[in-house]
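Quick note, the sequence shown lines up with residues 197 to 415 if you use this note's numbering.
For glycine and all other residues, C-beta sits at the position ideal for the given N, C-alpha and C.
Notes follow the structure.
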Amino acid sequence: MRLALLGGTGDIGEGLALRWARDTDHDLVIGSRNAAKATRQADEYEAELTERGIEASISAGANDEAVKGADVVVLSVPPYYVTDTLEAVAETLPSDAVVVSPAVGIDTDEDGFHNDPPGVGSVTQLAAETVDNRVVGAFHNLPADRLSDLDADLGMDTLVVGSEDAKGLVASLADEIEGLRALDGGPLANAPEIEGLTPLLINVARYNDGLSHLGVRFT
Ligand SMILES: NC(=O)c1ccc[n+]([C@@H]2O[C@H](COP(=O)([O-])OP(=O)(O)OC[C@H]3O[C@@H](n4cnc5c(N)ncnc54)[C@H](OP(=O)(O)O)[C@@H]3O)[C@@H](O)[C@H]2O)c1
197 MRLALLGGTG
207 DIGEGLALRW
217 ARDTDHDLVI
227 GSRNAAKATR
237 QADEYEAELT
247 ERGIEASISA
257 GANDEAVKGA
267 DVVVLSVPPY
277 YVTDTLEAVA
287 ETLPSDAVVV
297 SPAVGIDTDE
307 DGFHNDPPGV
317 GSVTQLAAET
327 VDNRVVGAFH
337 NLPADRLSDL
347 DADLGMDTLV
357 VGSEDAKGLV
367 ASLADEIEGL
377 RALDGGPLAN
387 APEIEGLTPL
397 LINVARYNDG
407 LSHLGVRFT
């Protein structure tokens with residue numbers, strides 16, 4: 197399967213790319229607004245994997261090139277740029293590609309971090325309103341720092357929301373990452389509750405010494 201990570205040059209993109217490259221045989225392509233930046237990052241990810249004795253070939257390109265031929269496209273960009281990014285790749289995005297949104301709108305004040313969703317309820321639903329593709333929400337509650345630390349055991353769950361056919365595909369991609377378990381979060385309408393968990397996790401880490409890079413495990 198071909199997986200394109202738009203904005204795969206950033207934090208969550210790095211974690212997903214490194215884990216998928218280590219744990220699966222899928223074709224990975226790092227996307228960026230700047231093709232040269234994408235290539236630099238892909239080379240860095242390959243170098244890190246090589247140091248660990250893992251041979252991986254990670255492609256790279258501008259976002260609109262990266263989506264060509266992709267089966268799954270992950271929107272690893274800040275929430276405010278999800279619609280811009282989708283619009284920028286509209287001409288080359290395959291109509292049958294599943295689009296995955298891990299994005300969470302977050303606001304901060306002196307008390308902590310707060311969910312700041314778009315009017316439609318969640319960033320995942322906003323993405324679904326922007327494209328005709330099947331859209332799935334996943335990976336919202338994963339801490340990027342832990343994901344990109346290949347020495348860290350994950351032991352975490354990720355809730356997957358969307359239509360039945362597309363959700364299963366993304367759930368298997370999540371399950372293929374060692375230490376990650378995909379759980380069915382229901383339809384897209386349930387995305388607001390899942391996105392709202394992310395600021396909660398950051399607040400718990402902020403207010404409790406010794407806790408950092410938190411995720412969730414449902415038991
Ligand atoms: N960080 C986490 O722990 C975490 C966890 C779960 C979910 N998420 C979600 O994952 C998404 C990405 O988070 P992140 O921490 O990886 O973000 P990030 O590192 O700040 O940014 C990711 C990438 O987005 C691209 N980008 C920046 N500004 C942009 C713009 N104006 N238009 C289009 N692309 C732009 C950049 O790629 P180029 O410059 O190469 O184009 C950047 O490398 C967010 O929506 C976040 O809510 C993050």
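Among R330, L322, E374, the one whose alpha carbon lies nearest that of R342: Taking only the C-alpha atoms, the option nearest R342 is E374.
Is the Cβ-Cβ distance between G392 and V357 less than 8 Å? For the pair G392 and V357, the CB atoms are not nearer than the 8 Å cut-off.
Cα-Cα separation, D328 to S291: About 7 Å.
DSSP has N311 in a bridge; who is on the other side? N311 is bridged to I302.
Could you give the DSSP three-state label for S408: helix, strand or coil? DSSP, read as helix, strand or coil, puts S408 in coil.
Quick check: the Cα distance between E287 and Y403, rounded to an integer number of angstroms? When rounded, the distance between both Cα atoms is 45 Å.
Taking a contact to mean a Cβ-Cβ separation below 8 Å, would you say G317 touches A387 in this structure? With contacts defined by Cβ atoms closer than 8 Å, G317 and A387 form a contacting pair.
Residue range of the unbroken beta strand (DSSP E) whose run includes S228: Per DSSP, S228 belongs to the beta strand (DSSP E) from 223 to 228.
Return the chain-ordered list of same chain residues with a C-beta closer than 6 Å to the C-beta of S408, the five sequence neighbours on each side being excluded. Contacts found: A401.
Pop quiz: V225 and A200 are said to be a contact at Cβ under 8 Å. What is the actual Cβ separation, rounded to whole angstroms? Indeed they touch by this definition, with Cβ atoms about 5 Å apart.
Helix, strand or coil at A286 according to DSSP, with G and I counted as helix: Correct three-state label for A286: coil.
Coarse secondary structure for I398, derived from DSSP in three states: It is helical.
In whole angstroms, what is the alpha-carbon distance linking G301 and R215? Between G301 and R215, the C-alpha separation is close to 24 Å.
Hey, how far is the Cα of V273 from the Cα of G227? About 10 Å.
What's the C-alpha gap between K233 and I254? Each residue's CA atom was taken as its position, placing K233 and I254 some 13 Å apart.
Could you pull out every residue in the same chain whose Cβ sits closer than 6 Å to the Cβ of Q237, ignoring the five residues on either side in sequence? Same-chain partners within the cutoff: T205, I226.
Is the beta carbon of A200 within less than 7 Å of some heavy atom of ligand 1? No, the Cβ of A200 stays beyond 7 Å of every heavy atom of ligand 1.
Are A323 and L271 closer than 8 Å when you measure CB to CB? Here A323 is near L271, since their CB atoms are less than 8 Å apart.
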